[in-house]
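Single-structure report; data block below.
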Amino acid sequence: LMNPPQEESDKEEKPTQISEAQPAAGNAPALSDEEFAWAKQVYFERCAGCHGTLRKGATGPALTPDKTQPKGTLALAAIIFNGTPRGMPDWGKQGFFTQEQTEIMAKFLQNAPPAPPEMALEQMKASWKVLVPPEQRPTSPQTQRDWENYFIVTLRDAGQVAVIDGDTYEVVSTVDTGYAVHITRMSASGRYAYVIGRDGKLAMVDLWTEKPTKVAEVQVCYDARSVEVSKYNGELGNFSDKYAAVGCYWPPHFVILDGQTLEPFKVVSTRSYTFDTEEYHPEPRVASIVASTYKPEWIINVKETGLIWLVNYADPNNPTIKMIEAARFLHDGGWDATKRYFLVAANQSNKIAVVDALEGKLAALVDTPAVPHPGRGANWVDPEFGPVWSTSHLGEGAIVSIGTDPEGHPDSAWKAVRVTPLPGAGSLFIKTHPNSQWIWVDMALNSDPALARTVCVVAKSDPTRVHKCWEIAAYGRAVHMEYNKQGTEVWISVWGDASKPGETGEIVVYDDATLQEKARIPNLITPTGKFNVYNTVHDIY
Ligand code: DHE
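Counting in mature numbering (1 follows the signal peptide of the UniProt record, and there is no 0), the final residue of the sequence shown is number 671, and the numbers go up one at a time with none missing.
Shown next, in the form of structure tokens:
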């Protein structure tokens with residue numbers, strides 16, 4: 131599934147050693163060395179994203195032995211096999227695990243979590259490759275295509291991204307990247323795509339060459355979700371694309387790299403204390419990162435401690451960090467339409483935290499229904515409440531819109547002013563465009579397969595209800611919407627199954643004005659996120 135951390139897979143783990151390591155945890159069921167190694171690897175690949183590498187919980191509950199042993203092997207195995215309505219996948223029913231394997235995993239979870247390896251700068255540097263040095267790169271676009279209308283599409287299970295021409299729907303290039311790419315972010319000019327794999331491998335793709343080419347790569351952790359570049363250009367200097375930052379889940383740190391070559395040079399640990407109870411947390415993971423345009427700063431969201439770090443990179447080897455107390459389990463988010471306020475979901479706290487990038491402080495904490503999951507959210511003008519930013523939710527079928535205009539509409543500012551009901555929960559993403567009359571929303575993780583492949587649109591003129599919902603394919607999940615550069619088309623991924631020929635996935639293109647299907651881009655391997663160059667550079671959502 132993904133490249134195992136090298137040291138991990140080479141190391142022999144003895145279950146007896148593990149039980150000795152947690153004396154107070156009671157009776158952990160024994161596993162053979164082979165079973166333990168299998169469970170450890172599979173846990174890291176499939177489960178750590180939600181439950182944490184050290185199993186302290188985040189999107190999913192904590193799975194430390196004090197929690198798992200009282201449940202016992204059979205009850206745990208049933209949950210792993212059948213899933214839960216709150217978002218635990220049904221791994222057995224989906225055919226990923228046999229009954230026997232779910233029991234091995236259930237036993238593994240009652241043992242203390244094995245500590246995964248750390249990673250130092252020297253190791254990162256050993257993986258660093260500059261494939262095309264900056265001086266050998268073209269100084270103007272070499273392609274006749276409108277590269278600003280390219281879509282960089284994650285081909286999740288292929289360990290690749292496809293660069294697709296938004297004008298012709300042709301796949302211009304397929305680039306090998308890290309495994310299960312999570313997001314792509316663009317350089318300030320849009321010329322480079324920075325693509326981060328779940329395995330911590332960062333690839334930099336030049337879109338100016340005739341065929342988009344990978345120009346540099348590096349691995350800076352074993353488990354990562356975010357990447358951003360420096361964007362400040364003002365009185366204090368021009369930092370456009372000078373640096374890149376990668377946010378890691380494991381080891382829990384962020385890394386600062388040269389923005390042109392990806393040479394890593396500074397590692398900052400995020401291990402610290404939870405903002406509310408001031409308890410030490412060994413694994414505070416880095417969730418979303420965005421770059422301020424007001425100051426030479428990144429806004430780095432540290433999930434488990436609930437702290438939003440404002441990291442000043444003007445002197446990147448000696449960065450200053452302001453730590454803002456927000457809410458636990460910070461995850462994904464986006465800018466408001468003015469790009470002064472960053473709204474980020476604290477997903478298991480059912481809150482949206484609002485950071486004022488100009489003043490460098492928390493502007494508000496807004497309560498939402500269960501498990502907000504905005505992606506980058508959607509900015510539009512509500513007929514009653516003025517400018518709002520909206521999120522959908524994993525735990526409830528609802529879109530919530532939050533007022534974002536403290537000066538023009540002070541009564542609505544930082545309040546959840548509107549709830550638009552959806553036919554089901556399990557939504558991952560929401561999207562709109564300033565030229566569009568619609569707000570699009572998916573329900574990709576709904577447990578009903580029909581709803582999981584359904585999208586809905588809400589009319590901005592009547593946001594009290596959904597205008598229309600429909601299934602976009604006969605298989606897979608409908609996930610993640612993205613507009614083309616002109617704002618006239620919406621692209622949606624059908625996230626299929628890499629092992630089922632004909633059902634691996636495709637992209638469906640809709641005419642935004644009429645909501646009619648316009649085209650299908652077929653035979654893609656498990657497409658998920660899609661990032662239009664122009665819209666990503668300009669934060670249009
Ligand atoms: Fe994501 C964004 C973490 C599961 C597709 N995802 C993010 C971000 C984080 C995150 C922290 C914000 C990055 C940023 O903006 O800098 N995602 C996680 C997880 O921890 C989680 C819950 C479990 C896991 O094991 O990874 C998870 N995510 C998924 C998926 O299953 C998705 C649907 C498919 C996949 O490839 O794994 C998925 N996540 C995405 C996408 C974005 C994203 C497409 C970017 C949305 C955008 O428009 O910016």
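Here a beta-carbon is modelled for each residue, glycine too, at the ideal position from N, C-alpha and C. Remember, it's a predicted structure, so these values are computed and weren't measured experimentally.
- Residue environment for ASP406: exposed (fewer than 16 other C-beta atoms within 10 angstroms of its C-beta).
- Straight across, the Cα-Cα distance linking GLU340 with VAL305 is about 14 angstroms.
- The three-state reading of DSSP puts MET334 in strand, counting E and B together.
- In the three-state scheme derived from DSSP, where H, G and I count as helix and E and B as strand, PRO394 is classed as strand.
- Assigned with DSSP and collapsed to three states, PHE661 falls in strand.
- Here the C-alpha atom of GLY377 lies approximately 12 angstroms from the C-alpha atom of ASP329.
- Taken atom to atom, the span from the alpha-carbon of GLU647 to that of TRP465 is near 29 angstroms.
- The Cβ atoms of ALA467 and VAL474 do not sit closer than 9 angstroms to each other.
- Between the ligand DHE and the CB of LEU558, the shortest heavy atom gap is smaller than 8 angstroms.
- Following the DSSP letters along the chain, one finds VAL172 inside the alpha helix (DSSP H) bounded by residues 163–172.
- For PHE211, the enclosing alpha helix (DSSP H) begins and ends at 203–212.
- Per DSSP, SER270 has no beta-bridge partner at all.
- At least one heavy atom of the ligand DHE is found less than 8 angstroms from the C-beta of TYR379.
- Rounded to whole angstroms, ASP445 and GLY367 show a C-alpha spacing of 11 angstroms.
- In the DSSP secondary-structure assignment, ASN431 is bridged to ILE438.
- Note that the C-beta distance between LEU654 and VAL587 is not below 9 angstroms.
- By the neighbour-count criterion, in which 16 or more other beta carbons inside 10 Å mark a residue as buried, ASP353 falls on the buried side.
- Per DSSP, the beta bridge partners of TRP621 are GLU612, VAL639.
- Per DSSP, HIS563 is not a residue of any beta strand (DSSP E), being assigned neither H nor E.
- Taking a 10 Å sphere around the C-beta of TYR410, we find fewer than 16 other C-beta atoms and assign the residue as exposed.
- When ILE419, PRO394, ALA494, PRO652 are compared, the shortest CA-CA separation from LYS255 is found for PRO394.
- If you draw a straight line from the Cα of ASN363 to the Cα of THR450, it is about 18 angstroms long.
- Boundaries cannot be given for CYS177, as no beta strand (DSSP E) includes it and DSSP labels it neither H nor E.
- Within the region 357–430, the runs of beta strand (DSSP E) at least 3 residues long that lie entirely inside it are, in chain order, 373–380, 383–388, 394–399, 416–421.
- For LYS452, the enclosing beta strand (DSSP E) has its first and last residue at 450–455.
- Residue state for TRP544 is assigned as coil, using DSSP reduced to three classes.
- Between ARG401 and ALA250, the alpha-carbon positions lie close to 15 angstroms from each other.
- The region 633–644 makes contact with the region 604–613; the number of CB pairs closer than 8 angstroms reaches 3 or more.
- Contact annotation: ASN565 and ASN279 have beta-carbon atoms that are not nearer than 9 angstroms.
- By the 16-neighbour rule on beta-carbons within 10 angstroms, GLU164 is exposed.
- When DSSP assignments are scanned along the region 212–288, the uninterrupted stretches of alpha helix (DSSP H) that are 4 or more residues long and fall wholly within it turn out to be 229–240, 251–256.
- Boundaries of the alpha helix (DSSP H) around LEU581: 579–582.
- For ALA288, the shortest separation between its Cβ and any heavy atom of the ligand DHE does not lie below 8 angstroms.
- Taking PHE459 as the centre and dropping the five residues before and after it, the same chain places the C-beta of ALA188, THR189, LYS433, GLU434, GLY436, ALA476, ASN477, GLN478, SER479 closer than 8 angstroms to its C-beta, in chain order.
- In the DSSP annotation of this structure, the continuous segment of the beta strand (DSSP E) that includes ASP497 starts and ends at 491–497.
- For the pair GLY179 and ALA242, the Cα-to-Cα distance works out to about 18 angstroms.
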